[in-house]
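J.: Structure below; questions to follow.
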Amino acid sequence: MQIDATDRLILALLEENARMPTAELARRAGLSRTTVQSRIERLERGGAIAGYAVVMGAAARDAIRAQVMITLAPRHVSSVEEALRRFPEIRELHAVSGQIDMIAVVGAQTTEAINDAIDRIGMLEGVDRTTSAIVLSTRVMRQGPTAAAPSRHKTR
(Lines of atoms letter the chains of each structure in order from A and count residues from 1; the text may use other names and numbers.)
(Lines give C-alpha, C1' and ligand atoms only; values in the text may rest on other atoms or scores of the structure.)
Protein backbone atom coordinates (compact mmCIF):
# COMPACT_ATOMS: atom_id res chain seq x y z
CA MET A 1 0.00 0.00 0.00
CA GLN A 2 1.32 3.42 -0.96
CA ILE A 3 1.15 6.05 1.79
CA ASP A 4 1.71 9.62 0.64
CA ALA A 5 2.28 12.83 2.60
CA THR A 6 -1.46 13.50 2.88
CA ASP A 7 -2.04 10.01 4.30
CA ARG A 8 0.77 10.61 6.80
CA LEU A 9 -0.86 13.89 7.84
CA ILE A 10 -4.21 12.18 8.38
CA LEU A 11 -2.51 9.38 10.33
CA ALA A 12 -0.69 11.92 12.51
CA LEU A 13 -3.94 13.77 13.22
CA LEU A 14 -5.70 10.51 14.11
CA GLU A 15 -2.78 9.49 16.30
CA GLU A 16 -3.16 12.81 18.11
CA ASN A 17 -6.90 12.21 18.58
CA ALA A 18 -8.54 9.11 17.06
CA ARG A 19 -11.97 10.60 17.79
CA MET A 20 -11.34 13.79 15.86
CA PRO A 21 -14.43 14.43 13.73
CA THR A 22 -13.94 13.93 10.01
CA ALA A 23 -14.92 17.56 9.39
CA GLU A 24 -12.10 18.72 11.71
CA LEU A 25 -9.63 16.32 10.08
CA ALA A 26 -10.62 17.72 6.70
CA ARG A 27 -10.26 21.33 7.87
CA ARG A 28 -6.81 20.70 9.37
CA ALA A 29 -5.64 18.72 6.30
CA GLY A 30 -7.06 21.24 3.83
CA LEU A 31 -9.20 18.58 2.15
CA SER A 32 -12.89 17.84 1.68
CA ARG A 33 -14.65 15.70 4.27
CA THR A 34 -15.44 13.01 1.67
CA THR A 35 -11.79 12.88 0.56
CA VAL A 36 -10.65 12.40 4.17
CA GLN A 37 -13.32 9.74 4.78
CA SER A 38 -12.26 7.87 1.61
CA ARG A 39 -8.59 8.02 2.59
CA ILE A 40 -9.36 6.75 6.13
CA GLU A 41 -11.35 3.83 4.70
CA ARG A 42 -8.49 3.01 2.28
CA LEU A 43 -5.95 3.19 5.12
CA GLU A 44 -8.11 0.83 7.21
CA ARG A 45 -8.56 -1.64 4.33
CA GLY A 46 -4.83 -1.53 3.56
CA GLY A 47 -3.85 -2.20 7.17
CA ALA A 48 -2.18 1.17 7.81
CA ILE A 49 -4.88 1.76 10.44
CA ALA A 50 -5.25 -1.44 12.43
CA GLY A 51 -7.78 -0.04 14.90
CA TYR A 52 -8.57 2.66 17.38
CA ALA A 53 -7.70 2.43 21.06
CA VAL A 54 -8.60 4.00 24.36
CA VAL A 55 -5.65 5.58 26.15
CA MET A 56 -6.47 5.49 29.83
CA GLY A 57 -5.99 8.58 31.92
CA ALA A 58 -4.30 8.70 35.30
CA ALA A 59 -7.59 8.06 37.14
CA ALA A 60 -7.97 4.62 35.51
CA ARG A 61 -4.33 3.47 35.43
CA ASP A 62 -2.58 1.43 38.06
CA ALA A 63 -1.28 3.50 40.96
CA ILE A 64 2.01 1.58 40.95
CA ARG A 65 3.87 -0.17 38.15
CA ALA A 66 7.03 -2.23 38.13
CA GLN A 67 9.18 -3.76 35.46
CA VAL A 68 10.19 -7.28 36.41
CA MET A 69 13.19 -8.69 34.56
CA ILE A 70 12.96 -12.48 34.50
CA THR A 71 15.79 -14.95 33.94
CA LEU A 72 14.66 -18.47 33.06
CA ALA A 73 16.13 -21.91 33.42
CA PRO A 74 16.78 -23.58 30.04
CA ARG A 75 13.73 -24.96 28.21
CA HIS A 76 11.13 -23.26 30.44
CA VAL A 77 10.06 -20.35 28.24
CA SER A 78 6.73 -21.87 27.18
CA SER A 79 5.63 -23.06 30.60
CA VAL A 80 6.61 -19.81 32.33
CA GLU A 81 4.94 -17.72 29.64
CA GLU A 82 1.77 -19.77 29.97
CA ALA A 83 1.78 -19.27 33.75
CA LEU A 84 2.48 -15.53 33.47
CA ARG A 85 -0.46 -15.06 31.09
CA ARG A 86 -2.72 -15.99 34.01
CA PHE A 87 -1.37 -13.23 36.30
CA PRO A 88 -4.00 -10.45 36.28
CA GLU A 89 -1.36 -7.92 37.42
CA ILE A 90 0.77 -8.39 34.29
CA ARG A 91 0.00 -5.60 31.83
CA GLU A 92 2.69 -6.47 29.26
CA LEU A 93 5.06 -9.39 28.76
CA HIS A 94 8.06 -9.08 26.48
CA ALA A 95 10.56 -11.70 25.31
CA VAL A 96 13.93 -9.96 25.11
CA SER A 97 17.50 -10.68 24.12
CA GLY A 98 20.51 -10.39 26.40
CA GLN A 99 21.15 -11.44 29.98
CA ILE A 100 17.46 -11.70 30.85
CA ASP A 101 14.75 -13.63 29.02
CA MET A 102 11.54 -11.70 29.71
CA ILE A 103 10.34 -8.38 31.02
CA ALA A 104 6.92 -8.24 32.68
CA VAL A 105 5.24 -4.91 33.30
CA VAL A 106 3.23 -5.38 36.50
CA GLY A 107 0.57 -2.97 37.70
CA ALA A 108 -1.46 -2.74 40.91
CA GLN A 109 -2.92 -0.27 43.36
CA THR A 110 -0.55 -0.98 46.27
CA THR A 111 3.10 -1.84 46.83
CA GLU A 112 1.92 -4.93 48.71
CA ALA A 113 0.10 -6.18 45.62
CA ILE A 114 3.17 -5.49 43.46
CA ASN A 115 5.39 -7.30 45.97
CA ASP A 116 3.01 -10.27 46.05
CA ALA A 117 2.99 -10.52 42.24
CA ILE A 118 6.79 -10.33 42.08
CA ASP A 119 7.06 -13.05 44.74
CA ARG A 120 4.63 -15.28 42.82
CA ILE A 121 6.59 -14.76 39.61
CA GLY A 122 9.82 -15.73 41.39
CA MET A 123 8.23 -18.93 42.73
CA LEU A 124 7.23 -20.23 39.29
CA GLU A 125 8.99 -23.40 38.23
CA GLY A 126 11.56 -22.46 35.62
CA VAL A 127 12.22 -18.93 36.92
CA ASP A 128 15.83 -18.67 38.05
CA ARG A 129 15.86 -15.04 39.09
CA THR A 130 13.88 -11.81 39.00
CA THR A 131 15.10 -8.24 39.24
CA SER A 132 12.53 -5.49 39.70
CA ALA A 133 12.32 -1.76 39.22
CA ILE A 134 9.38 0.33 40.43
CA VAL A 135 8.33 2.96 37.90
CA LEU A 136 8.56 6.36 39.60
CA SER A 137 7.22 8.44 36.71
CA THR A 138 6.60 8.20 33.00
CA ARG A 139 8.37 10.91 31.04
CA VAL A 140 7.30 9.90 27.52
CA MET A 141 4.44 7.64 26.44
CA ARG A 142 3.56 7.23 22.80
CA GLN A 143 0.81 5.09 21.44
CA GLY A 144 1.65 2.97 18.42
CA PRO A 145 -0.49 0.86 16.15
CA THR A 146 -2.82 -1.48 18.00
CA ALA A 147 -3.78 -5.03 17.21
CA ALA A 148 -7.46 -4.20 17.66
CA ALA A 149 -9.85 -5.07 14.90
CA PRO A 150 -10.42 -2.18 12.53
CA SER A 151 -13.44 -0.03 13.24
CA ARG A 152 -14.87 2.78 11.18
CA HIS A 153 -14.09 6.38 12.03
CA LYS A 154 -17.38 8.10 12.84
CA THR A 155 -18.40 11.25 11.02
CA ARG A 156 -19.71 13.94 13.34
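Note that my numbering has the sequence shown beginning at -1, numbered continuously upward. Note that the Cβ used here is the ideal one computed from N, Cα and C, for glycine as well.
#1: Which two residues bound the contiguous beta strand (DSSP E) that contains alanine 106?
#2: By the three-class DSSP mapping on this structure, what secondary structure does alanine 115 have?
#3: For a quick check, are the C-beta atoms of alanine 131 and alanine 61 less than 8 Å apart?
#4: Compute the distance between the beta-carbons of valine 66 and glycine 124, then report whether it is under 8 Å.
#5: Cα separation between glutamate 110 and glutamate 22?
T.: This is what the structure gives:
#1: Start at 1 with the first residue of the sequence shown, and residue 106 comes out as number 108. Residues 100 to 106.
#2: On the sequence shown, residue 115 is found 117 positions in, with the first residue counted as 1. Residue state, collapsed to three classes: helix.
#3: On the sequence shown, position 133 is the one that residue 131 refers to. On the sequence shown, position 63 is the one that residue 61 refers to. Contact: no.
#4: In the sequence shown, residue 66 corresponds to position 68, counting from 1. In the sequence shown, residue 124 corresponds to position 126, counting from 1. No, these two residues do not count as a Cβ contact at 8 Å.
#5: In the sequence shown, the residue the question calls residue 110 occupies position 112. In the sequence shown, the residue the question calls residue 22 occupies position 24. Approximately 46 Å between the Cα atoms of the pair.
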